[in-house]
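This report concerns only the one structure given below.
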Amino acid sequence: MKRKIIVLLVLILLIFIIFGIFYSGDNLPVNPGTKSSSSDSVTPAVALNYDNFDDYMSKNVIVRELPEDTTILIKFYNFDNGERQWEKSFVVTKSKVYEGSVDTPELIVLLHSKYFSEWNSRNFCEIMTKANNNGDLGYESSLSSVSLAWKFKSLMEYKDCFGM
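Per this note's numbering: the sequence shown = residues 2 to 165.
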């Protein structure tokens, strides 16, 4: 039961962080095929990569609503040589998102970089579910499960992105 709560909290946090890529304040719909409120046309999905990842995340409304004292580190990795190799890391706070690292984040999100080839501004839930189901999505935290749950309680509404 305790493990389920921890996994649920982490997945919710991941959704919160990554969901920001979907909704970056530029009227891109969350679901493919939906129409914008200002016209009858659909805005094309934007492919995500390391060059635009921080830009999309920093514009995200959800990221802007993170608690003031929250620091999250998203680390991308690959297994190209048979063992885990770290590629890039991004620091996510309420006020900014940037490539780099920090010594003591509250949450570290680990994601295989192979998903960038199919990831765009509209398929966040699909990619997160796929990565989770394939064992390519993980997390680490120095906080207890109770502390994580309390700090990120507002993210429970996004649990469906991870099949919970």
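Even for Gly, the Cβ is constructed at its ideal location relative to N, Cα and C.
Contacting residues, own chain, Cβ-Cβ under 6 Å from I75 (five flanking each side not counted): F91, V110
task: Just the C-alpha distance for R123 and D137, rounded to the nearest angstrom, thanks.
output: 20 Å
- prompt: Taking C-beta to C-beta, are M58 and V103 nearer than 7 Å?
  reply: no
Burial state of D55 (16 or more Cβ within 10 Å): buried
Whole beta strand (DSSP E) elements within the region 88-124, 3-residue minimum: The qualifying runs are 98-100, 108-113.
- request: Within the same chain, show all residues whose beta-carbon is closer than 8 Å to that of F80, passing over the 5 residues directly before and after it, in chain order.
  value: Taken in chain order, the residues that qualify are Q86, H113.
- prompt: Apart from the five residues on each side of it in sequence, which residues of its chain come closer than 6 Å, Cβ to Cβ, to T94?
  reply: T72
message: Within a Cβ cutoff of 7 Å, which residues of the same chain sit near R65, ignoring the five residues on either side of it in sequence?
response: K95
query: Using a beta-carbon distance below 7 Å, is T130 in contact with chain B?
result: As a matter of chain content, chain B is missing from the structure shown, which is built from one protein chain.
query: Can you list, in chain order, the residues of its chain whose CB lies under 8 Å from that of A132, leaving out five sequence neighbours each side?
result: L112, H113, Y116, L138
- request: Evaluate W120 with the Cβ neighbour count: other Cβ atoms within 10 Å of its Cβ, from every protein chain shown; 16 or more gives buried, anything less gives exposed.
  value: buried
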